[in-house]
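Down below is the structure, laid out as structure tokens.
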Amino acid sequence: MSAINLRTALPGPKSQAILDRRDAAVSKASFRSTPVVAAKASGATVTDVDGNTFLDFTAGIGTVNVGHAPAEVADAIRQQAEDLIHLCAIVGTYEPYIALAEKLNSLVPIAGPTKTFLSNSGAEAVETAIKMARAYTGRPAIVTYEGAYHGRTLLTLSLTSKYALFKKGFGPFAPEIYRVPYPYSYRCTHCRDEGSCNLTCFEDLERSLITQVDPSAVAALIIEPVQGEGGFIPAPYDYLRKVRALCDKHGIVMIADEVQAGFCRTGRWFSIEHSGVEPDLVVMAKSIAAGMPLAAVTGKAAIVDAPHLGGLGSTYGGNPVACVAALKAIEIMERDNLNQRAEQIGEISMAHFRAWRDKYDIVGDVRGLGAMTAVEFVKGRNDRTPNTDAPLKIVGEAYNRGLLLIRAGLYSNCVRTLVPLTISDAELEEGLGVLEESIAAVM
Ligand SMILES: Cc1ncc(COP(=O)(O)O)c(C=O)c1O
């Protein structure tokens, strides 16, 4: 039996009525990838208000790695809500906050004493990590990457790349931010992924510490070990090792932004673990709490403790209901070995993607780590010009066939797949089949 079950033309009449209300009531600047109007969701499926069931290959942009609404998480939330919905960690203490901090301290790939601060969103956690690094080093500058996405608050938007979509018209941006090329092998200006990579791109970073900013002024370097919004690009492990050595040499705090790549998505708790590199701070959000708003910075105790007393705070950050959801989600990930499942999902997906690259001229690159996988579309097999039309059409074709997708990439020319890690093999194959049909329809 297939998971996808479409009962009406799409969008159905009830969905359309709500979409009309959305247009009238909600800012037009708020983009939606598909017209789905969700009524409920479970595991890897979403059912809309007209009773149509879709397979979800977005997982809330990587937020529900444990699947939509696991019963155990819903129970934990319900029970906590009956006892204590909120207090505010500035007012007092509650045990779930402490238990979660202890758990995160033990999960991050950092030797030695670690500590945690909880907040609401990935962007807020990135800002917090920057504050910690500045307080610890007494330095102002931050190094970030082309293609980076760290959020939409002013400081994180300043760190984020991709002007036209995210930044246009919103400046002036925060000062003391220096941007260097990300090791994006398919579009590398040095080797173009043609078998000759010797990490010349690392010299771009070294040069920027001569031409743009002195390393003695740099508080932190922030990197997504697998770039997310930028197009699901894993940094070569040797590149990450070189970054670690450079940070050590100059006393720069190395921040790993694991907001999208964390919590089993790539087959490890955190994607940087593949390289063996120990960052100084890890920023997390999204799948940390199975869809409840929660984020964290965990890292070396001396850095996390560096801001002055009262320098960090948040009204809702580390809300007790979100904390118990996180504790339960992490328990499920451990118990059900979702790291291993992510690797299997990645292998199955990549086998299909590689076949599509041979079959369809517009499939340029296929890549990923674990279950964080993407297809990059180009004009033709021998023309890497980004194809920005195809992914938009593919997302539309897929929706009409009952599959939810979202794009990615500096040029918005990729389709990313972030399936819930609890998906069955049958559901995965069904969704991949629909994705292929959608690519074929657009060819
Ligand atoms: C790598 C990364 N960092 C930070 C953020 C910002 O997180 P949030 O949307 O929760 O503020 C995102 C969101 O997609 C992200 O992918």
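The sequence shown lines up with residues 1175 to 1617 when you count with my numbering.
Glycine residues also receive a C-beta, built at the ideal position from the N, C-alpha and C atoms.
Beta-bridge analysis with DSSP links Glu1550 to Asp1539 and Cys1588.
In terms of Cα proximity to Pro1349, the closest of Val1392, Met1466 and Ala1338 is Val1392. Its Cα nearest to that of Ala1409, the residue Arg1361 stands out among Thr1385, Leu1328, Arg1381 and Arg1361. Relative to the Cα of Ala1545, the nearest Cα in the group Leu1595, Ala1499, Tyr1585 and Glu1505 belongs to Leu1595. By the CB criterion at 9 angstroms, Ile1446 and Leu1395 fall outside the cutoff. Relative to the Cα of Val1589, the nearest Cα in the group Ser1598, Leu1577 and Ala1600 belongs to Leu1577. Here Ile1384 is exposed, its C-beta having fewer than 16 other C-beta atoms within 10 Å.
DSSP places Val1433 outside both helix and strand once states are collapsed to three, so it counts as coil.
Between Cys1262 and the set Thr1562, Ser1488, Lys1289 and Glu1398, the nearest pair of CA atoms involves Ser1488. Apart from sequence neighbours up to five positions away, the residues of its chain that approach Ala1582 with a beta-carbon distance below 8 angstroms are Gly1402, Glu1403, Gly1404, Gly1405, Phe1406, Ala1548, Cys1588, Val1589 and Arg1590, ordered along the chain. Secondary structure in the region 1191 to 1270: the beta strand (DSSP E) runs of 3 residues or longer, each lying completely within the stretch, are 1212 to 1216, 1219 to 1222 and 1227 to 1230 in chain order.
Taken through DSSP and simplified to helix, strand or coil, Ile1316 comes out as strand. Taking all protein chains shown into account, His1526 has 16 or more neighbouring C-beta atoms within 10 Å of its C-beta and is therefore buried. Remark: the shortest separation between the CB of Tyr1413 and any heavy atom of ligand 1 does not fall under 8 angstroms. Any heavy atom of ligand 1 within less than 6 angstroms of a residue's beta carbon puts that residue on the list, which reads Ile1235, Ser1295, Gly1296, Ala1297, Val1300, Tyr1323, His1324, Gly1325, Glu1398, Gly1402, Glu1403, Asp1431, Val1433, Gln1434 and Ala1459. By the criterion of a C-beta distance shorter than 7 angstroms, Gly1465 is surrounded in its chain by Gly1234, Thr1237 and Val1238, once the five residues flanking it on both sides are discounted. For Ala1322, the closest alpha carbon among the candidates Ile1477, Val1400 and Ser1293 is that of Val1400. Across the set Arg1353, Glu1398 and Gly1286, the C-alpha of Arg1353 shows the shortest separation from the C-alpha of Arg1381. Membership of Leu1609 in the alpha helix (DSSP H) is indicated by the continuous run Asp1599 to Val1616. Distances from the alpha-carbon of Thr1302 to those of Lys1202, Val1478 and Tyr1585 put Val1478 closest. The closest CA to that of Arg1439, considering only Gly1186, Glu1508, Tyr1310 and Ala1198, is found on Glu1508. When the Cα atoms are used, Thr1562 and Arg1196 turn out to be separated by approximately 26 angstroms.
Under the DSSP assignment, Tyr1352 falls in the beta strand (DSSP E) whose first and last residues are Ile1351 to Val1354. Judged by their CB atoms, Ala1475 and Val1457 are not nearer to each other than the 9 angstroms cut-off. Going by beta carbons, Ala1250 and Lys1460 fall outside the 9 angstroms limit. Pairwise C-beta distances place the region 1510 to 1523 out of contact with the region 1324 to 1338, as fewer than three of them are shorter than 8 angstroms. In this structure, the CA atom of Glu1610 is about 15 angstroms from the CA atom of Asp1230. Of Ala1203, Thr1221 and Ile1522, the smallest CA-CA separation from Val1211 is found for Thr1221.
In terms of Cβ geometry, Gly1554 and Ser1293 do not form a close pair [threshold 9 angstroms]. Counting the other Cβ atoms within 10 Å of the Cβ of Met1175 gives fewer than 16, which makes it exposed.
Inside the region 1354 to 1431, DSSP marks whole beta strand (DSSP E) runs of 3 or more residues at positions 1392 to 1397 and 1427 to 1431, from first to last along the chain. In the DSSP annotation of this structure, Val1457 is not part of any alpha helix (DSSP H); the continuous beta strand (DSSP E) holding it starts and ends at Leu1455 to Met1458.
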